[in-house]
Each structure stands twice: as structure tokens, then as C-alpha cells.
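Visitor:
There are 2 protein chains.
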Amino acid sequence: MAPDDSRRSEDRFKHMLDKLKSLDFRITPQRLAVLRILAASEDHPTAEQIFEKVRTEFPTTSLATIYKTIALLKGLNEVLELGFPDGSNRYDGAKPFPHPHVICIRCRKIMDPYIISLDELKDEIGKKTGFRIHYHRLDFFGLCGECQKDL
Amino acid sequence: MAPDDSRRSEDRFKHMLDKLKSLDFRITPQRLAVLRILAASEDHPTAEQIFEKVRTEFPTTSLATIYKTIALLKGLNEVLELGFPDGSNRYDGAKPFPHPHVICIRCRKIMDPYIISLDELKDEIGKKTGFRIHYHRLDFFGLCGECQKDL
DNA sequence: TTTTCTGCAAATGCTTTGCATGGGA
DNA sequence: TCCCATGCAAAGCATTTGCAGAAAA
Chain A
28 MAPDDSRRSE
38 DRFKHMLDKL
48 KSLDFRITPQ
58 RLAVLRILAA
68 SEDHPTAEQI
78 FEKVRTEFPT
88 TSLATIYKTI
98 ALLKGLNEVL
108 ELGFPDGSNR
118 YDGAKPFPHP
128 HVICIRCRKI
138 MDPYIISLDE
148 LKDEIGKKTG
158 FRIHYHRLDF
168 FGLCGECQKD
178 L
Chain B
28 MAPDDSRRSE
38 DRFKHMLDKL
48 KSLDFRITPQ
58 RLAVLRILAA
68 SEDHPTAEQI
78 FEKVRTEFPT
88 TSLATIYKTI
98 ALLKGLNEVL
108 ELGFPDGSNR
118 YDGAKPFPHP
128 HVICIRCRKI
138 MDPYIISLDE
148 LKDEIGKKTG
158 FRIHYHRLDF
168 FGLCGECQKD
178 L
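Residue numbers (the working numbering), protein chains in the order written: chain A, 28 to 178; chain B, 28 to 178.
(1) By DSSP, does Glu108 of chain A sit in helix, in strand, or in coil?
(2) DSSP three-state call for Phe167 of chain A: helix, strand or coil?
(3) Can you find a CB in chain A that lies within less than 7 Å of the CB of Gly169 of chain B?
(4) Give the interface partners of His161 of chain B over in chain A, defined as CB-CB distance under 8 Å, in chain order.
(5) Using the beta-carbon of each residue, which ones in chain B are nearer than 7 Å to Lys155 of chain A?
(6) Take Pro100 of chain B as the anchor and find which of B:Asp32, B:Pro56, B:Tyr118 has the nearest alpha-carbon.
(7) Across which residues does DSSP place Met138 of chain A in a beta bridge pair?
(8) Rank A:Cys171, A:Thr55, A:Val106 by C-alpha distance to the C-alpha of Met138 of chain A and give the top, closest one.
(9) Whose C-alpha, out of A:Lys155, A:His163, A:Leu103, A:Phe167, is nearest the C-alpha of Asp51 of chain A?
(10) Shorter than 7 Å from the beta carbon of Pro112 of chain A to some beta carbon of chain B?
(11) Report back the beta-carbon spacing between Ala66 of chain A and Ala121 of chain A to the nearest angstrom; my notes put them in contact at under 8 Å.
(12) Should the region 47 to 61 of chain B be regarded as contacting the region 146 to 163 of chain A, the criterion being three or more beta carbon pairs within less than 8 Å?
(13) Roughly how many angstroms lie between the CA atoms of Ala91 of chain B and Pro56 of chain B, to the nearest whole one?
(14) Please list, in chain order, the chain B residues whose beta carbon lies closer than 7 Å to that of Glu79 of chain A.
(15) Roughly how many angstroms separate the alpha carbons of Leu62 of chain A and Pro127 of chain B, rounded to a whole number?
(16) Please list the residues of the region 92 to 123 of chain B that have a C-beta atom closer than 9 Å to any C-beta atom in chain A, keeping them in chain order.
(17) Against Arg135 of chain A, what residues of chain B qualify as contacts under a CB-to-CB distance less than 8 Å, listed in chain order?
(18) Hey, quick one: how far does the alpha helix (DSSP H) through Arg35 of chain A stretch, first residue to last?
(19) For a contact meaning CB atoms closer than 9 Å, what does Leu47 of chain A contact in chain B?
(20) Buried or exposed: where does Ser36 of chain A fall if 16 or more other Cβ atoms within 10 Å of its Cβ makes it buried?
(21) Does the Cβ of Ala98 of chain A have 16 or more other Cβ atoms within 10 Å, making it buried, or fewer, making it exposed?
(22) So Arg63 of chain A is in the alpha helix (DSSP H); what residue range does that whole segment cover?
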């Protein structure tokens, strides 16, 4: 991890922690662990993956607690949920705001491409449909570099 | 429904039917009903909604058959599945190719906004991430016109 | 001490699957 | 007639929920 990544991760962690504290939610070891993992994760983990990581630190942790913590953070707009119909949602605690993704349809890797903002597009869409747009989701599905090699 | 809509719907229906025939799938009344509904639908129905419509014609139809037919059409790229994590996928048989949607977060209405193609964006993303992009999904979530009124 | 959180287990709800029967071609 | 498709019921599975005990404040 690059130095600025660990810095960003730490900032995110503190931001989430402060938010929980300021809203009088209790700071438990399990919540701290989930916060740290979500703040640091670059790979859009599943609930199960977060669960496994928390378990190495707190073996008694239950999956239900992971889901409850994620739901709490979702409600506070501190985690972005990428929902998939095949039952394996992914979570992004590093960038909890709507942004585009590229998703490998073979290995399920998810990355964030750097592209221009979609704000103008959002305004245009809102005008044409009469919708008041709150958030969006833009996913490109395909094969990542590695998966193109061994086909 | 405008005349050109019913024309388009009819064309889609025939296209799907021809495809099933040419691939030696059996033409059953249930499949015909699902095809007709999907070809005509402008509202991105759920499997359940398709099921209810088919039932008015063939009361013995089962939900499993609806899902099997949808799966068949998905495999033939004749229906687009919009997957949602809360367990209520939506289907588009009128425009079975990836395209943007606006989705009301209150009443769940889904509409197709008319916007420019995302092809240039797709190429740019592919170049920057090393992905070979196969398809995409762009959803704008917000409140539709009616839902803005009665809040 | 009080209130919230955790962890277990059971429930939920959409979707899929297995299998015997029925119906296209 | 020969398979494929249907329909029923059961299974799957990520996620949610209820509740009693544990732990934060």
C-alpha cells in the first residue's frame, strides 16, 4: 500500500468513527474492526470477506453483526453498496459516494476507473425525464487484464 | 399505446419467436405468452408481474416456468435483466441491450432516458483499466415526477 | 445501572433445481 | 413416438430479524 493510501484510509477511518461518536452510537471492538477494514479496502469486499477478516481479530464475531454494522453505515452514507442479483453484494467504504466501476465477469474483480464526472449527464437526464436524481450507478462489465490472458 | 409502439412490440415478438424456432426450442403457449408480454412491456416488469399476466391467460402456469423462460431468453440475449439486491429483478424484453435507466427510489418506476451513447466512454474506460468491456449498466436513482408531488 | 449491541438461530423471499407428468413436433 | 417443457414442491442462499445475554457509557 502506498503511503498516501494508508493516509487516506486512516482519514476515512477517523471520519467514520467521529460520525458514530457524534451520533451517540456505541463504539464496540467489532464496529472498530469493520470500520478499519472498510476504510482500508480497495477491493470492494463482500460481507463474508469482511466477516472473515474481523474473525481473525475477534473469533466470536457473527455475520449478523457485520450486516448490522454495514446497514448502520449505509444509513449514514459512509459505505456504498454495490448490489448484485446473484447474491454477493460488494461494499466500498473508501469512496462511499456513487462512482463508476469496472467489473470482471470472470473473476469478479472490481476496480474504479478514473473518468470525468457524470454531473452534467445527471442534470440532462433529470431534465428529460422529470426525475429528481439522487444518486447513480454506472458499471462496465468485462474481462480484466489477467482474465483475458488465460482463456 | 402509440401505433409505432405496437408495431415495435410486434417486431420484437416475431424476432424472439423466430429465434426460438430457428434454435429448435419448442413453442409452447406459456412461452408465447411470456414473449408477448416481454416484447410489449415498457415498464420493466418483475418475474412476478409477468407471472400474473400469463396467469390471466393460462391459469395453470407456474412461476418456475416464467423463470425458466426468462433464463432461456437471457441466454439468447433477448431479454435484459436489471438486478437488484433487495430481491426484485426487473426485465426488459423491448430493449434487450445495455442502456441507461432512471429508477424512482419511492415507487420503483423505471424509465429509459434518451441520451447519447456511452460507446466513447466505454472505449476510454477499457483503455485506462485494461479491461475488455462487454456490457455496461448505468442507473440513475431518484424521485419520479409523481413521487415528488406527494411527499 | 441503563440502554444498546452482539451472537445465535430461525425466518425471509427471490430464484433455482429435481423429478414425474404432460404436450410439442 | 421421442424428447423437451411444465408444474409442483423442495432446496439454496445472502440477508434480515427476534430475542436473551453481554458489554458500552
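Ideal Cβ placement from N, Cα and C applies to all residues, glycine included.
Guide: According to the data block:
(1) Residue state, collapsed to three classes: strand.
(2) Note: Phe167 of chain A maps to strand in three-state DSSP.
(3) Gly169 of chain B has a beta carbon lying within less than 7 Å of a beta carbon in chain A.
(4) Under the 8 Å cutoff, chain A gives Ile132, Phe168, Gly169, Leu170.
(5) Per Cβ cutoff of 7 Å: Pro140, Tyr141.
(6) It is worth fixing the name first, because residue 100 of chain B is Leu in this sequence and not Pro. Comparing Cα-Cα distances from Leu100 of chain B to each of B:Asp32, B:Pro56, B:Tyr118, the minimum goes to B:Tyr118.
(7) Under DSSP, Met138 of chain A forms a beta bridge with A:Val129.
(8) In this structure, A:Cys171 is the residue among A:Cys171, A:Thr55, A:Val106 with its C-alpha nearest to the C-alpha of Met138 of chain A.
(9) Closest in alpha carbon position to Asp51 of chain A, among A:Lys155, A:His163, A:Leu103, A:Phe167, is A:Leu103.
(10) For Pro112 of chain A, the answer is yes, since a Cβ of chain B falls inside 7 Å of its Cβ.
(11) The C-beta separation of Ala66 of chain A from Ala121 of chain A comes to about 7 Å, placing the pair in contact by the 8 Å criterion.
(12) Contact fails: fewer than three Cβ-Cβ distances are below 8 Å.
(13) Distance from the CA atom of Ala91 of chain B to the CA atom of Pro56 of chain B, rounded to whole angstroms, is 15 Å.
(14) In chain order: nothing, as chain B lies at least about 20 Å away.
(15) Pro127 of chain B has its alpha-carbon roughly 33 Å from the corresponding atom of Leu62 of chain A.
(16) Flagged, chain order: Glu108, Leu109, Gly110, Phe111, Pro112, Asp113, Gly114, Asn116.
(17) Residues of chain B passing the Cβ test: none, with the nearest at roughly 13 Å.
(18) That run of the alpha helix (DSSP H) goes 30 to 49.
(19) Under the 9 Å cutoff, chain B gives no residues; its nearest Cβ is about 24 Å from Leu47 of chain A.
(20) When all chains shown are included, Ser36 of chain A counts as buried.
(21) Exposure of Ala98 of chain A is indicated by the presence of fewer than 16 other C-beta atoms within 10 angstroms of its C-beta.
(22) Arg63 of chain A -> alpha helix (DSSP H) spans 56 to 67.
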